[in-house]
Amino acid sequence: LEYLHNAAVAVDAEGLIVAIEKDLDLSTPSLTRSAAHSLLSKLNWDDSSSSVEITSTNPSKSQFFFPGFIDTHLHASQYPNVGIFGNSTLLDWLNTYTFPLEASLQDQAKARKVYTRVIRKTLSHGTTTAAYYATIDVPSTNLLADLCLSFGQRALVGRVCMDQLGPDYYLDASPEDSLAATEATIAHCRKIDPSFGLVKPIITPRFAPACSAPLMKSLGELAAATNLPIQTHISENVNEIALVKSLFPWQEIGARDDSYAAVYDAFGLLTEKTILAHAVHLTEDEASLVAERKAKVSHCPCSNSAITSGAAKVRWLLERGIPTGLGTDMSGGYSPSVLEAARHAVLVSRHLAMPDAGGEEKDKLSVEEVLFLATRGGAEVVDMKGRVGGFEVGMEWDAQLIGLGEEEEEEEEDQGNVDVFGWENWEEKVAKWVYNGDDRNTKKVWVKGRLVHQRK
Ligand code: GUN
Ligand code: FE
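Residue numbers (the UniProt record's numbering): 45 to 500.
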């Protein structure tokens, strides 16, 4: 984690970072203004123009800019169910809670309400990029894409493909229907955002047990033909893994072995643009295959604890060269916050490091590492490395203004659970943010230079 103290960042009208100046004297508001003006004149920008805006942090309130969070896995359609999962585990959770809710979003008015709220809520927690699953319904999935574009959230939008396992009332009628519906959403995204500058479609086979072999084969071919990303779930739950083995005899589908990862690979779904959610129980051989194909993993610790799936070994994944990011996996996970996912990632890694779990000290993830997973790590997972996830010239301004407050007794702003006394150094302030921060500390959020959230 690199700290840029006394720095200024210039962002152009397209939201691109065009200059970063360090070691400026920003000790007073007037020195800050003059530093900004000298940067503008260096760039030959007309700083008399009303289109130039200067935003600065307030050091006395422990404010700082931080790259926007990237949620590499969440179900927009499941948002109304957050916190509602009882003692269920994956397969009964899907049948009891998830499929009925997703099916109900065929009602466009309901879908609009739910999707509007999920976008507003995740933006308020600093999520500037989201890899969304919608439902099998095309019109409401397309509506999710429209809403992301109008609220200004960077998004991958996936129309869910499933032609088996689901209840009769919530299934694609055939592999051909499922493929055609996916193509309809791709065409819609191309129409509303031709360069996919903000909103991009993503090919979304729900998970192997819910997709027939012909469906997975056609989606693999579609991915190859369009060069679009793919998202799915893998090796989340032990019963799910057994189900995959029984549904897809490996010799019959021409897989290289009897593993879960080999099923996706047999259908061309394991690519360098594939986001695999969970990967809790991957074997050593599967990790090698995933790494060989350059596929990515979305680690969803809140979900894995909540629906009792297991503890994914992030250090082990990283050591095998598998790019990893964080996912909230709402509503398998109960929180819309990537900061919460980061905190859970720390705790899960510490459980794995305990002697009872056979772990070691090195298995622990640090504050800095989970913040990496939430930003630059996530950017690689969603195939946006070098574009978002950090502050560098040439990257886009997807950012949050974080405020932790001050030691004053009477504050006019609510700083939530974070309590700053004034003696903390910046490393300690950031640690306080990771362990006790929430949306009350997220004062403003920008995507591509556009202000998309401001805390009242
Ligand atoms: N596997 C298949 N569908 C789902 C889903 O909606 N959530 C999670 N966590 N796992 C899944
Ligand atoms: Fe999921």
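For every residue, glycine included, the Cβ atom is placed at its ideal position computed from N, Cα and C.
Separation of the CB atoms of K244 and C255 is rounded to 21 Å, and the pair is thereby denied contact status at 8 Å. Residues K488 of the same chain have their beta carbon placed closer than 7 Å to that of L495, with the five preceding and five following residues left out of the count. The beta-bridge partner set that DSSP reports for I446 consists of F108, T486.
By the Cβ test, the region 377-386 is in contact with the region 158-170, since at least three Cβ pairs between them sit closer than 8 Å. Cα atoms of Q295 and A305: separation of roughly 14 Å, rounded to the nearest angstrom. In the DSSP assignment, P144 falls within the unbroken alpha helix (DSSP H) covering 143-148. Looking only at T76, Y123, A57, the smallest Cα-Cα distance to S94 is reached by A57. Partner residues in the beta bridge of Q498, as assigned by DSSP, are K488.
Nearest in C-alpha terms to V478, of all of T185, S410, A423, is S410. Under a 10 Å Cβ-count criterion, H49 is classified as exposed, with fewer than 16 other Cβ atoms of the shown protein chains found around its own Cβ. Each residue's CA atom was taken as its position, placing I278 and D458 some 40 Å apart.
Counting only beta-carbon distances shorter than 6 Å to the non-hydrogen atoms of the ligand FE, the qualifying residues in chain order are H117, H119, H277, A321, D373, G376. DSSP places L200 in the strand class (E or B) of the three-state scheme. Look at F251: its beta carbon is less than 6 Å from one of the heavy atoms in the ligand GUN.
Here V390 has L409, V414 as same chain residues with Cβ atoms under 6 Å from its own Cβ, once five neighbours each way along the sequence are excluded.
Pairing T276 with T229 gives a Cβ-Cβ distance that is not under 7 Å. A175 is a Cβ neighbour of L200, given a cutoff of 7 Å. For D115, the enclosing beta strand (DSSP E) starts and ends at 113-119.
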